[in-house]
Amino acid sequence: MNILWQSKTATVAEAFRVGPDQIPMNGGNAYDVQAALALKNHFSIAIDPVTIRGKENVLAYWWKMSRHKAKADLLILEPFPIVYGRRLPGQRSIAMIHHIDPVIRSSSRYHRWYFDRLIRRTKSCDCVVTVSRYWQDYFITQGCNKVEVIYNAFDPEPYRTPGFDARAFRVRHGLPEDKPLVYIGNAIREKGVYEVYEALKDQPYHLVMTGAANRAGDLPVQYLKFNRQDYRGLLRASDVVIAYSRMIEGWNRIAHEALLSGTPVVGSGTGGMHELLENAGQPEVQSPEELVAAVEAVLRDRQTYSAKGYDYIRQFDLAYFERRWKAVVDQVMQDG
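The working numbering runs 249 ahead of the 1-based position in the sequence shown.
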């Protein structure tokens, strides 16, 4: 059987070719590459080169996609190809959607059209794969008949490597040793770093944020740009991770990876993150004013929160991920 994975992002195609740890990319792209690589162990699969968006504008891309006849038994489509692409008669299809951002949807007439068309065309796919029960319920209420949840998954080994020296890591990266280290996530407004800073600025903690670029440069918070190995080291060296996202999350990979590392999480619980925090026994806060008490509670009983989190999250390993994706593909083809 021949599968084409349709993405608009050149990063997905390149990471599929060279490996997901070799190229910086966002969480959604990392998941998609990981899924395509998992299916590669069982099927003939490729990233469709035609659906990659280059420098062309939307109308040129739409024209290109309207003429594209993808030759495959199964298409797995990300949102942009769902909106602008076409499927041949009898061709099976899976829509891969992590979440939908209502703020972006309401930002312009074009975006309202785009998201309305996305939902309408997603309903014609044979299956929707999403990453939490929150979004499964959403797509069911939108009229999608078959919606499967396949959770984010990781190889736990790099997060649990014996012999990690948290003190040496702090020294190497200029992080103080005499204060609890609080990682507040990606340096971007939508991830809540401004609210976290205002809530904790007078507390005896050292705050740190990361990301491909510092998009919160006006905050007096230490920013570090890390490769994957050092990023995992930061998660392990931190006393607590805060995921105070203002977006309606699909899941939350930072929180997931922190729990794999044995580091407790305090989160906002937006969207699919609620399921993650609730099942992992981690504190959820509804407002910035609750952050001080939540962080204090975690630091007082850090070992308990750490154990609860890891006991839940460790089930989502690469074997689980590959098994679930293969099962969904097999079922879609069988139903056809």
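Don't be surprised by glycine CBs; every beta carbon is placed ideally from N, CA and C.
Nothing here was measured: the structure is a model prediction, and the numbers come from that model.
Delimiting residues of the alpha helix (DSSP H) encompassing residue i
i	result
T379	T379 -> not in any alpha helix (DSSP H); beta strand (DSSP E) instead, spanning 376–379.
E527	522–529
Q385	382–390
R421	415–421
Of the residues the options, the one placed nearest residue i, counting alpha carbons only
i	options	result
D322	N251, G441, S373	N251
S350	G521, Y569, T553, N528	In the sequence as presented, Ser is not what sits at residue 350; that position holds Asp. It is G521.
T410	K450, R485, A461, V332	R485
P453	A462, K318, L430, A415	L430
F418	F292, S356, L473, I331	L473
F413	L525, T258, E305, S510	S510
E587	D566, K575, A576	The structure shown does not extend to residue 587, since the chain is modelled only from 250 to 585, so the question has no answer here.
Y569	K257, T258, A284, T260	A284
V316	R335, L324, L326	As written in the sequence, residue 316 is Arg, which differs from the Val given in the question. Ranking the options by Cα distance to R316, first place goes to R335.
G499	V470, I399, Q552, V534	I399
R370	G530, L526, I343, Q531	I343
I437	K450, A465, V457	A465
F475	L468, L337, A461	A461
D560	L526, C374, G392, V420	L526
P338	R481, D375, Y432	D375
Q583	E444, N306, R341	R341
F329	A319, K320, M345	M345
CB contact flag (residue i, residue j, <8 Å)
i	j	result
F388	V396	yes
V581	V544	no
L424	T459	no
R502	N401	yes
A287	E539	no
G516	Y554	no
Any non-hydrogen atom of the ligand SAM closer than 7 Å to residue i Cβ
i	result
M458	As presented, the structure is devoid of all ligands, the ligand SAM included, so that no description of it is given.
Boundaries (first-last residue) of the beta strand (DSSP E) holding residue i
i	result
S236	Lying before the first or after the last residue shown, residue 236 is absent from the chain, which here runs from 250 to 585.
E571	First-last for E571: 567–584, but that is the alpha helix (DSSP H), not the beta strand (DSSP E).
Y561	Unbroken run through Y561 is the alpha helix (DSSP H), 551–562; no beta strand (DSSP E).
I331	Premise fails: I331 lies in the alpha helix (DSSP H), 328–333, not in any beta strand (DSSP E).
L430	430–435
L253	251–255
S342	341–345
E397	396–398
Query raised in the report: Do the region 350–367 and the region 263–275 make contact, defined as three or more Cβ pairs closer than 8 Å?
Result: No contact exists between the region 350–367 and the region 263–275.
**Report entry** Uninterrupted alpha helix (DSSP H) stretches inside the region 477–542 (no shorter than 4 residues)
**Finding:** Runs found: 477–486, 502–509, 522–529.
Report task. Run through the region 268–323 for me and flag every whole alpha helix (DSSP H) of 4 or more residues, listed as ranges in chain order. Result -> List check, alpha helix (DSSP H) in window: 276–289, 307–315.
Report task. Check whether the region 273–288 touches the region 309–316, counting contact only when three or more Cβ pairs, one atom from each stretch, lie closer than 8 Å. Result -> The region 273–288 and the region 309–316 do not touch, with fewer than 3 CB-CB distances between them shorter than 8 Å.
Query - Segments of 3+ residues assigned as beta strand (DSSP E) that fall wholly inside the region 440–471 - result: 455–459, all fully within the region 440–471.
Query raised in the report: Are at least three pairs of beta-carbons, each pair with one atom in the region 489–501 and one in the region 536–551, less than 8 Å apart?
Result: The count of Cβ pairs closer than 8 Å, one atom from the region 489–501 and one from the region 536–551, reaches three, so the stretches are in contact.
Query raised in the report: Per the contact definition of three or more C-beta pairs closer than 8 Å, is the region 253–263 in contact with the region 287–301?
Result: Result yes; three or more Cβ-Cβ pairs closer than 8 Å.
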